[in-house]
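Notes to accompany the following structure.
In this note's numbering, the protein residues as written are 11 to 342.
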């Protein structure tokens with residue numbers, strides 16, 4: 011059983027990765043229903059939090075049904091990070107996660123996210139200060155290194171553990187790779203197999219089939235898998251992985267009725283949480299995967315992703331269900 015501090019997260023837990031404009035409360039709720047063991051918020055700017063920026067503060071919303079839930083923050087200025095820890099702690103999460111892995115230029119240019127991989131000493135000292143500043147377990151999400159020539163992830167993980175980090179999630183790419191090429195899980199396995207390591211080591215990157223999740227567990231020996239892109243518009247991924255672990259077979263994919271119902275609920279929850287305009291806009295990215303595999307679907311997808319009012323999107327869902335109700339989706 012893996013434990014984050016005193017929190018039992020199960021045998022090879024599946025974690026929903028923090029994703030900007032994706033892992034919000036509506037989507038986290040759907041993933042939790044489908045078997046996600048731990049969910050994380052979208053990453054939140056420490057500078058935005060201390061300035062009381064509306065978008066950053068809104069991301070602090072969490073709900074009892076999500077637990078255990080982690081709030082992820084990023085930044086590179088000690089005072090701001092410590093103040094943001096206090097703000098986050100007041101929201102009542104189970105875990106505080108530090109983002110040392112985001113490769114986006116606007117984050118990296120400020121020395122935050124994966125930018126801090128250029129300064130490992132700062133990465134460690136920030137983590138230590140945050141651990142000392144809260145009673146909640148502090149975890150870290152990071153990458154293998156800044157580039158191929160600077161991969162020191164075994165040493166980095168050791169040092170983070172030594173200053174009190176309770177778990178580490180590692181994306182199997184460097185910052186230089188962004189999301190290109192294949193994720194390399196071998197260095198993550200080296201971290202896990204280091205005899206000095208005793209905190210959970212979770213793998214991230216390219217886990218897009220149940221077989222790959224099993225490979226991460228059985229071949230690489232990791233403690234769990236953090237799922238990102240494979241879950242966008244497809245919260246059933248968590249359920250399918252667990253079914254495969256249990257039976258060695260693939261469960262039937264969700265039916266058209268189940269997909270339309272999930273899309274409807276997702277949109278309605280998004281509108282309820284963030285209002286009509288944002289709710290409609292920020293749910294668009296999920297529709298391609300909700301209905302992936304349907305032939306001649308472009309006309310319907312365009313209605314979903316170009317309509318600015320929810321009534322038109324709900325009507326598009328109705329049309330899809332009426333036209334494609336008996337469509338058989340392929341399994342893996």
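Backbone N, C-alpha and C define an ideal beta-carbon position, used for all residues, glycine too. Since this is a predicted model, take the numbers as computed values, not measurements.
Here's a check: name, in chain order, each residue in its chain whose Cβ is nearer than 6 Å to the Cβ of residue i, leaving out the five neighbours to either side.
| i | result |
| --- | --- |
| residue 245 | 40, 41, 44 |
| residue 62 | none |
| residue 213 | 195, 198, 226, 232, 235 |
| residue 19 | 12, 47, 48 |
| residue 314 | 297, 323, 326 |
| residue 137 | 170, 173, 175 |
| residue 15 | 147, 176 |
Can you give me the C-alpha to C-alpha distance between residue i and residue j, rounded to a whole angstrom?
| i | j | result |
| --- | --- | --- |
| residue 220 | residue 38 | 20 Å |
| residue 235 | residue 340 | 24 Å |
| residue 69 | residue 51 | 7 Å |
| residue 189 | residue 239 | 11 Å |
| residue 205 | residue 265 | 46 Å |
| residue 187 | residue 193 | 9 Å |
| residue 300 | residue 129 | 40 Å |
| residue 154 | residue 85 | 19 Å |
| residue 222 | residue 17 | 26 Å |
| residue 142 | residue 290 | 41 Å |
| residue 247 | residue 64 | 32 Å |
| residue 148 | residue 251 | 27 Å |
| residue 295 | residue 249 | 21 Å |
| residue 151 | residue 333 | 43 Å |
| residue 218 | residue 224 | 11 Å |
| residue 260 | residue 132 | 45 Å |
| residue 27 | residue 33 | 7 Å |
| residue 203 | residue 165 | 12 Å |
| residue 115 | residue 144 | 29 Å |
Note down, in chain order, each residue of its chain lying with its Cβ closer than 8 Å to the Cβ of residue i, except the 5 sequence neighbours on either side.
| i | result |
| --- | --- |
| residue 83 | 53, 54, 55, 56, 59, 91, 94, 95, 98, 106, 107, 108, 109 |
| residue 288 | 280 |
| residue 208 | 171 |
| residue 311 | 297, 298, 301 |
| residue 156 | 124, 127, 128, 184, 185, 186 |
| residue 191 | 183 |
| residue 66 | 54, 55, 58, 59 |
Bridge partners of residue i, per DSSP?
| i | result |
| --- | --- |
| residue 149 | 107 |
| residue 50 | 80 |
| residue 234 | 212 |
| residue 13 | 18 |
| residue 25 | 48, 236 |
| residue 253 | In the DSSP output, where bridge partners are listed per residue, residue 253 has none listed. |
| residue 178 | 150, 211 |
| residue 55 | 84 |
List the whole-angstrom C-beta distance separating residue i from residue j, where the pair is believed to meet the contact cut-off of C-beta under 8 Å.
| i | j | result |
| --- | --- | --- |
| residue 111 | residue 181 | 5 Å |
| residue 113 | residue 79 | Not confirmed; about 24 Å, so no contact. |
| residue 183 | residue 215 | 6 Å |
| residue 211 | residue 178 | 6 Å |
| residue 126 | residue 101 | At roughly 24 Å, the Cβ-Cβ gap does not stay under 8 Å, so residue 126 and residue 101 are not in contact. |
| residue 163 | residue 201 | 6 Å |
| residue 242 | residue 25 | Going by Cβ atoms, the distance from residue 242 to residue 25 rounds to 15 Å, so no, they are not a contact pair. |
| residue 283 | residue 35 | 6 Å |
| residue 292 | residue 31 | 5 Å |
Is the Cβ of residue i closer than 9 Å to any Cβ of chain D?
| i | result |
| --- | --- |
| residue 244 | The question asks about chain D, but that chain is absent: this structure has only one protein chain. |
Identify, in the order they occur along the chain, each residue of the same chain with its Cβ nearer than 7 Å to the Cβ of residue i, setting aside the five sequence neighbours on each side.
| i | result |
| --- | --- |
| residue 270 | 327, 330, 331 |
| residue 348 | Past the boundaries of the shown model lies residue 348; the chain is included only from 11 to 342, so the question cannot be answered. |
| residue 139 | 88, 92 |
| residue 29 | 52, 238 |
| residue 303 | 339, 340 |
| residue 307 | 301 |
| residue 75 | 39, 42 |
| residue 255 | 224 |
> Is the stretch 320-327 close to the stretch 276-285, with three or more CB pairs under 8 Å?
Replying inline: yes
> For the 8 Å Cβ check, are there 3 or more pairs between the stretch 260-274 and the stretch 330-337?
Replying inline: yes
> Counting Cβ pairs closer than 8 Å, one from the stretch 160-178 and one from the stretch 114-121, do we hit at least three?
Replying inline: no
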